[in-house]
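See structure below.
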C-alpha cells in the first residue's frame, strides 16, 4: 500500500486581505440603464454570457463571455450590452481592499484567452452559496473568494497583488497632519493619494467628506494662513513669503491670496501694520 503525507506549514496559512461584501447576478433585458458610477469597494465583474463593452476611466473596450474585469474602489465605470447577444454577468463586491496591477492602473481586464481555466464555476458557486441561506454560507463564500484570487495569481499572465485598505479616517488624519507641517513642499493630489495608499478619486472624496474641503484646497488655505502670519510678523518680501509657503509662483500666490482675503498681500500687510501702529 502506498501512502503519501504532506505536512502543512501553519505559518503560511495567511488569509488574503479583503472581505466579501456582496454578490449579484444580472442579465440585459432591454431596460438597461448604462450610467457611469463608482463604488466604495473593489468589484470583480465576470461576464457569464453575451457581449458588450465596458467603460472605465473614459476608456472603452469590448467584453465577451469568460472575461473578468477587476475595478478598484472609487473608479468610474459602467457596462453596455449588445442587443443581439445580451450580457449576463456576476459581480462581486470586496471591501477593505484595492488591487495593485503591474500596469499601474486601477482596473484590469482578464480576457478569457488569458485565463487557462474556467472561472464560471467559482462565480456561480459563490452566487449559489450566498443565496442558499445554508449554515455557514458566508464563511464558504469568503473562502471561495480567497481561492478564486489565489487561482488568478497562479494561472493568469497578468501580475497583480492585493493591498489592504486601512481605516480611512486614520489615514486621512495622518495626511492632514502632514499638510499642516509640510505645506512648503511640492505636493500634488497624486502624491498624497499614494501616501495614503488610496485611489486618488476616493481619497479626495473621503477627505472632503471628513474635513469639508478637498485636500488641495486645505493645503492652499494652510499656505495662506502661514503667509498671513509672515506678512504681519516679518519683513520678508512678498515673493520670499510666497516661495516659503510652497506656492509655485508669485502670480499664483497673489491670485490665491486675493481670492481668500479679498485684497492683495501688500494691502493686507499695510492694513495690519497700520492697525498695530494705532494701538
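Numbering (full-length UniProt numbering), first residue to last: 1 to 279.
Positions of the beta carbon are idealized from the N, C-alpha and C atoms, including for glycine.
Cβ-based burial, residue 35 [other Cβ within 10 Å; buried from 16]: exposed
Could you tell me the alpha carbon to alpha carbon distance between residue 145 and residue 164, rounded to whole angstroms? Computed Cα separation, rounded: 15 Å.
Quick one: any contact between the stretch 124-137 and the stretch 52-59, if contact means 3 or more CB pairs under 8 Å? No: fewer than three Cβ pairs fall under 8 Å.
For residue 280, the first and last residue of its enclosing alpha helix (DSSP H): The requested residue 280 is not part of the displayed model; the chain covers only 1 to 279.
Collapsed DSSP secondary structure at residue 82 in the structure displayed: coil
Please determine if the stretch 234-248 and the stretch 171-191 are in contact, where contact requires at least 3 C-beta pairs separated by less than 8 Å. yes
Please report how far the alpha carbon of residue 199 lies from the alpha carbon of residue 85, in whole angstroms. 34 Å
Neighbourhood of residue 41 by C-beta, 7 Å cutoff - its chain only, sequence neighbours within 5 removed: 21, 73, 93, 94, 95
Decide if residue 52 is buried, meaning its Cβ has at least 16 other Cβ atoms within 10 Å, or exposed. buried
In terms of DSSP beta bridges, what is residue 250 paired with? Here residue 250 is not bridged, per DSSP, to any residue.
Between the stretch 172-179 and the stretch 202-222, can you find at least three pairs of beta-carbon atoms closer than 8 Å? yes
Could you tell me whether the Cβ of residue 192 comes closer than 7 Å to any Cβ of chain B? This model lacks chain B altogether; it includes just one protein chain.
Through-space distance from residue 223 to residue 206, alpha-carbon basis: 22 Å
Can you tell me the Cβ-Cβ gap for residue 88 and residue 48, rounded? I've got them flagged as a contact below 8 Å. 4 Å
For the alpha helix (DSSP H) containing residue 211, list its first residue and its last residue. 200-211
Residue range of the beta strand (DSSP E) that residue 51 falls in? 51-56
Minimum C-alpha distance to residue 283 - residue among 231, 271, 221: In the structure as shown, the chain begins at 1 and stops at 279. Residue 283 is therefore absent and cannot be evaluated.
Taking C-beta to C-beta, are residue 75 and residue 106 nearer than 7 Å? Contact flag set, yes.
At the level of alpha carbons, what is the spacing between residue 17 and residue 241? 46 Å
From residue 202 to residue 65, what does the alpha carbon distance come to, in whole angstroms? 30 Å
Tell me whether residue 188 is buried or exposed, calling it buried when 16 or more other Cβ atoms sit within 10 Å of its Cβ. exposed
First through last residue of the beta strand (DSSP E) which encompasses residue 19: 19-27
CB-CB under 6 Å to residue 38, same chain, minus the five flanking residues each way: which ones, in chain order? Cβ within range, chain order: 74, 76.
Compute the distance between the beta-carbons of residue 119 and residue 28, then report whether it is under 7 Å. no
Since residue 42 sits in a beta bridge, which residues does DSSP pair it with? Bridge partners of residue 42: 94.
Hey, out of 148, 131, 158, 104, whose CA is closest to residue 113's CA? 158
What are the start and end residues of the beta strand (DSSP E) that includes residue 164? 160-164
Please return the same chain residues whose Cβ sits closer than 6 Å to the Cβ of residue 176, not counting the five positions on each side in sequence. The beta carbon of residue 176 is closer than 6 Å to none in its chain, skipping five residues each way along the sequence.
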